[in-house]
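Some notes on the structure that comes next.
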Amino acid sequence: MCHLVMLNRLATYFIFLLYAPDLVCGEIRYTIPEELEHGAFVGNIAEDLGLNLRELSARKFRLVSEERTQYLEVNSENGIVFVNERIDREQLCQSSTCSLSFEVIVKNPLEVHRVAVEILDINDNSPSFPKSDFFLEIAEFIAPGARFLLASAYDPDVGKNAIRTYQISSNEYFNLNVQVTSDGKIICELLLEKPLDRERQSEFKLTLTAIDGGIPERSGTAKIIINVVDANDNVPVFDHELYKTSLPENAAEDTLVIKINAIDVDEGSNGAVKYYFSNHASQRVRELFSLEPETGEIRVKGVLDFEESNGYELAVQAMDSGAPTMTGHTKVMVSILDMNDNAPEIKVTLLSNTIPENAESGTLIALISVTDRDSGKNGEVHCQIPTNIPFKLHLTSKNHCRLVSSGVLDRETISTYNILVSTWDAGSPPLLTNKTIMVSVSDINDNAPRFTQPSYTVYVSENNAPGASIFTVTALDPDLDQNAHVSYSVLPTRVMEIPVSTYISINSNTGNIHALQSFDYEQQKTFQFQVQAKDSGVPPLWSKCAVKVIILDQNDNAPVIISPLAWNGSISIGLKSQSIYPGYLVTKIIATDADSGQNARLSYRLVKATDSSLFSVGLFSGEVKTIRRYLDKDAAAQVLSIRVNDNGQPSLSVSVTVSFSVATNATEKHLERVDLVHSPANPFSDLNLYLIIAFGSTTLIFLLTIILLVAIKCHQDRNGIYGVSMPGAYNYNVCLSPESDMTASAYISLSSNNGDIYALQSFDYEQLKSFQFEVRAQDSGDPPLSSGARVKVIVLDQNDNPPLIVSPPTWNGSASVDLVPQSVYPGYLVTKVIATDADSGQNARLSYLTTTDSGLFSVGLHSGEVRTTRRILDEDVTTQRLTILVKDNGQPTLSTLVTISFSIGVNVTEKPLERTNLKRKPAPFSELNLYLIITLGSTSLIFLVTIIILFAIKCHQDGNDIYGVPIPGTYNYNVCLSPESAKSDFLFLSTCNPTIPMSSVKANQSNFSQEVEQERFQPIMGIDCIGSDISLVIHQPSSIAITQGRIRDSLHLRLGVLIGQTKAQPWYLTS
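In structure tokens form, the structure reads like this:
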């Protein structure tokens, strides 16, 4: 042990330092013998590097090894490297040199030192022979000086501990010739020093000893048994003393390596040669190659690996079959060619798997080393990472690089990076290796809380309970942990010169806003304040939002009579009997209500009256009017009890008593008290019913008459060919051919060669559901023939329109509904969501779903009705939000979201409006009767005037005789060609001006005029062709005949007017 310690202390070590801006690298070398026990001292790295022992733990002093077995370890307290596992040099390394490499890393600042420990060989293995006994046959006639190669011993130790020499037991015939080959191997040959005489001694038993150079030396022995035989005096001779060949690694099994050949000049069995590996062929060679004894073919037997050995020396011998056997020797040198069969290996030393999102560019993340066991181009490696991430690689040496940050990191965008490190070699084809490094981004406080809305509107009913929650604001912070912990506060402000803190408070953790007092709508209708949300980061960040509180009115004020002035709820008014006529305004009750909206909508009702047939009260005006004249028998003192109700829930009211004193002959009578009688009136009488029935009957007869006249007129226009007068201009529009349909041409085009129809634009089902056009096919014959077909295009609907909310009105996807009383029952209809979809069919079939399950409301799947599912409890939140998804049934489904806000009225009860039915005596005549009579009379008058005008027009038309009667004006006749007609059958003329003389018309003038004179008709003065329709214009003819002519292919000219010229003769009007 003292020897080992002294060896370590005398070991030479070297330190190489490389300076980098953020990294210090160095290399230390130690030398130790193999087979040291656990804990054996290797070296003190801290002392050799000059590190402070007290700072080793704080700087995270550690050893990083790339070996699978941790042979060495370091003490992080004193920096001593010691043996952790037994090291067997022969097992660890196959070459003459052997070392272990590892890295020592310390932080703050970061230092990386490479350490190499060379393992020295000790003489712990004895030489050994492949076999314990070797047999030789030597012919007796072999002359002295002959040499016989003996088997070599194997010693796994190296250097001076390897085999040093061989010795043979003492004898008078044989000695040893020890030689060292060019590759450093020691071989021995048996040297015959004295002629053999088989008759004297036919067998020799010798002991061969192999001795190594260790201290103490070790040896191994083998027995050599020599048989002396007769006469085979020629040895086999090979073609070459040395064979050379090459072979790619990973060659397939049974691949032919080389064929050797040896010749023996002897005859018979002495000349029959067989081939074998000699004793010098190693066991590994025998595992990798096979030798066919008869043919001399050497073939691949095992897996050849260039990385294991780049070449093999095969010792081969040829033996004849003589007695004794003669042997010839040769060597076969097999060179192994390197192939790209090893992918690069990536080894990562991760310094930290987390990085703060505010880390500066160039922060070191990991050390990466890449190795490839191949050689040459096959061993050249390249390394890269993706370019779309904020990291990059810095090359520090040939096969080492650093992974550093290179851009801005944002944890809220990407919190974890899986960095794919790719490396490939330069072989053909290249081999690729990937390895993923996971780096997490740690959070910093770089995001302020953000409210879900920039401002909020809160609806609170007046007379609310102090301390109740009225609303909740929410702010979200995308940071983590304390950086995302949000606290809420109300910013100081004043409302009506009073601090807002006296009105409301907010829960700093939840954002729940509470009312600190009961609000009064009549004193304050709204106020506004700001809420601040602040996180707990360092430094803290904050944001704020505006909250507007709108106080909702409740019906907590009864109406007040302001006119006329009442005393203890009573009003006295004097009247003269002669001034009382029907509709006379006696007085007007004016009341006011401090509430607003429906709560302030007042109605006036007569509760009691001395005589209910004498006075009436306007329901909404409050006007007290007389219904009839005052009679002598009527009481002079009239008392009316009038009640004023508001429209709130529940309704509040005030009553007033109006006393009337009716003076006759200017003499005041004492006020007589009479019993007040309920007088409900019926505004609808039998006369009203009769008038409505008469008005409806007249209107029905009028509509039927108009429909009948229109039908008769249409029938006459369709069938009247002979004797029908034609005032004005009549247009008959037809489609001559598909190319004349200007409407269809805007949508489609037709290939004239193959008949393919192409769409010229994208169709929209909501704008155009279908259209049709004609397609005509015409041949090139003489005359050309054609036929036509009608094509109808139906546009199919696609689901390209999302549902649209039409009720309740929405703003930015939100809607508010009226106050919901707390006392409502389950199934109460809160509101109804109505949506429409511009699509049709299944695409327009809508369904309504709720995305928030509060347990209080439900939505009808197809009706959209929002109803309560249970009674509203005191613990329910007074402000409810319900998000409803409206989606259609198309593929894919389109949808729309709407958020509906409900305010629950705590002190509001749901009570239907009670109306007091006041019975009245039926009045003989009312304003409704007057309006019905006026409407009936007006309708009847319009009906009679219409009948008179229609008859006048009819009589005027019948007065225009069809023959010989001039028809003033200009008439346009559009002619329809039948589908069998072709354009080539007609000569179409351009527009002719009425002032142009007859000679300008492109027609056969002589024939035309001659025929016209024979037929006693005036010549036509002009022909127009408008668009693709054929139009004829007749200017002031004295008379015109209406007949029916026939043109080729059953073409009907319904008005008999000249339209063109056929190939035979011109066409004209006939009688």
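The sequence shown lines up with residues 13 to 1083 when you count with this note's numbering. Backbone N, C-alpha and C define an ideal beta-carbon position, used for all residues, glycine too.
In the three-state reduction of the DSSP assignment, His968 falls in the helix class, which pools H, G and I. Counting every other CB atom within 10 Å of its CB across the protein chains shown gives Gln529 a total below 16, marking it as exposed. When the beta-carbon positions are compared, Leu492 and Asp455 come within less than 8 Å of each other. With contacts defined as CB atoms closer than 8 Å, Asn365 and Asp386 fail to qualify as a contacting pair. Arg879 is bridged by DSSP to Leu841, Ser870. When the five nearest sequence neighbours on each side are left out, the beta carbons in the same chain lying within less than 7 Å of the beta carbon of Gly586 are those of Ser673, Ala675, in order along the chain. When Val247, Leu75, Gln396 are compared, the shortest CA-CA separation from Lys119 is found for Leu75. Contact check for Glu229 against Ile134 fails: the beta carbons are separated by 8 Å or more. Of the candidates Asp317, Ile896, Ser77, the residue whose Cα lies closest to the Cα of Gly872 is Ile896. Of all alpha-carbon atoms in Thr342, Cys413, Thr622, the one lying nearest the alpha-carbon of Lys645 is that of Thr622. Contact between Leu944 and Leu715 is ruled out by a C-beta separation of about 19 Å, above the 8 Å threshold. Contact check for Tyr324 against Val360 fails: the beta carbons are separated by 8 Å or more. By the criterion of a C-beta distance shorter than 7 Å, Ala158 is surrounded in its chain by Leu204, once the five residues flanking it on both sides are discounted. The C-alpha of Glu152 is placed about 28 Å away from the C-alpha of Ala293. Distance from the Cα of Tyr500 is smallest, within the candidate group Val453, Tyr616, Leu553, for Leu553.
Cβ neighbours of Lys256 within its own chain (closer than 7 Å, five residues either side excluded): Met345. As a beta-bridge residue in DSSP terms, Gly323 pairs with Ser347. Counting of Cβ neighbours within 10 angstroms places Lys546 among the buried residues, the total reaching 16 or more. Residues Pro156, Glu184, Tyr185 of the same chain have their beta carbon placed closer than 8 Å to that of Lys206, with the five preceding and five following residues left out of the count.
Checking the DSSP bridge columns, you'll see Pro594 has no partner listed.
Ranked by Cα distance from Ser913, the options Thr843, Pro594, Ile961 are led by Thr843.
A contact is defined here as three or more CB-CB pairs under 8 Å, and the segment 460–469 fails this definition with respect to the segment 371–391. Counting only runs of at least 3 residues, the segment 42–99 fully encloses the following beta strand (DSSP E) elements, listed from N- to C-terminal order: 53–56, 74–77, 84–86, 92–95. DSSP, read as helix, strand or coil, puts Phe216 in strand.
Here Thr435 has Pro356, Ile358, Val382, Val393, Cys395, Thr445 as same chain residues with Cβ atoms under 6 Å from its own Cβ, once five neighbours each way along the sequence are excluded. For Gln191, the enclosing beta strand (DSSP E) begins and ends at 186–192. By a beta-carbon distance limit of 8 Å, Arg176 does not contact Ile131. Their separation comes to about 22 Å.
When only Cα atoms are considered, Ser915 and Val878 end up about 14 Å apart. Taking all protein chains shown into account, Pro821 has fewer than 16 neighbouring C-beta atoms within 10 Å of its C-beta and is therefore exposed.
The way I'd put it, the segment 258–276 does touch the segment 314–333; three or more beta-carbon pairs between them come closer than 8 Å.
Bounds of the alpha helix (DSSP H) holding Arg298 are 295–300. For Thr947, the secondary structure class from DSSP, reduced to helix, strand or coil, is helix.
Closest in C-alpha terms to Ile367, from the list Ser290, Leu415, Thr399, His341, comes Leu415. Take the alpha-carbon of Ile482 and the one of Ala649: they are about 56 Å apart. If you check the CB distance, Ile525 and Val498 do not come in under 8 Å. Three or more beta-carbon pairs drawn from the segment 55–71 and the segment 86–97 are found closer than 8 Å, and the two stretches are therefore classed as touching.
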